[in-house]
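Engineer: Pasting in a structure now, in structure tokens, and then I'll have a few things to ask.
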Amino acid sequence: MDWNTSKNRDFEDMIQGKPGLIILDGEMNNKLMKKERMTKAVLESMLRQQGVFDISEVRVAFLELSGKLSVLKRGEDSEYKGDETEGTKD
184 MDWNTSKNRD
194 FEDMIQGKPG
204 LIILDGEMNN
214 KLMKKERMTK
224 AVLESMLRQQ
234 GVFDISEVRV
244 AFLELSGKLS
254 VLKRGEDSEY
264 KGDETEGTKD
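Residues are numbered in our numbering as their position in the sequence shown, beginning at 1, plus a constant of 183.
Have a look at this one:
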């Protein structure tokens, strides 16, 4: 990736934002929840709407720019190859 492409992508992220990793391996990202002013009750409600009744079932979940939740349950085939070192306990 050249410098120009990198800078354009950074600018696009700054203007439009990007989805936030809100759950990784059943652990809530408290830092993101605080930033988005989301309570645990709201997140749990959103998970139930996705058919998830126990947060430990979640491999990864993203809070999309639209405010919706994208969830990948444990054991489902995954294309997610994200950075496993991203903190979720902040």
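Virtual Cβ for every residue (Gly too), placed ideally from N, Cα, C.
Could you give the DSSP three-state label for L255: helix, strand or coil?
Structural biologist: Of the three classes helix, strand and coil, the one that applies to L255 here is strand, per DSSP.
Engineer: With a threshold of 8 Å on Cβ separation, who are the neighbours of T222 within its own chain once the five nearest residues in sequence on each side are excluded?
Structural biologist: So the list reads M216, once near-sequence residues are dropped.
Engineer: Express the C-alpha separation of E259 and G250 in angstroms, rounding to a whole number.
Structural biologist: If you take the alpha carbons of G250 and E259, they lie about 23 Å apart.
Engineer: Can you tell which of L246, L255 and S253 has its C-alpha closest to the C-alpha of K218?
Structural biologist: Cα-wise, what sits closest to K218 is L246.
Engineer: Take G234 as the anchor and find which of R257, N212 and K214 has the nearest alpha-carbon.
Structural biologist: Here the closest residue by C-alpha is R257.
Engineer: What residue does the beta strand (DSSP E) around R242 start on, and which one ends it?
Structural biologist: Note, R242: beta strand (DSSP E), V241 to L246.
Engineer: Assign L226 to buried or exposed, taking buried as 16 or more other Cβ atoms, counted over all protein chains shown, within 10 Å of its Cβ.
Structural biologist: It is buried - the Cβ of L226 has at least 16 other Cβ atoms within 10 Å.
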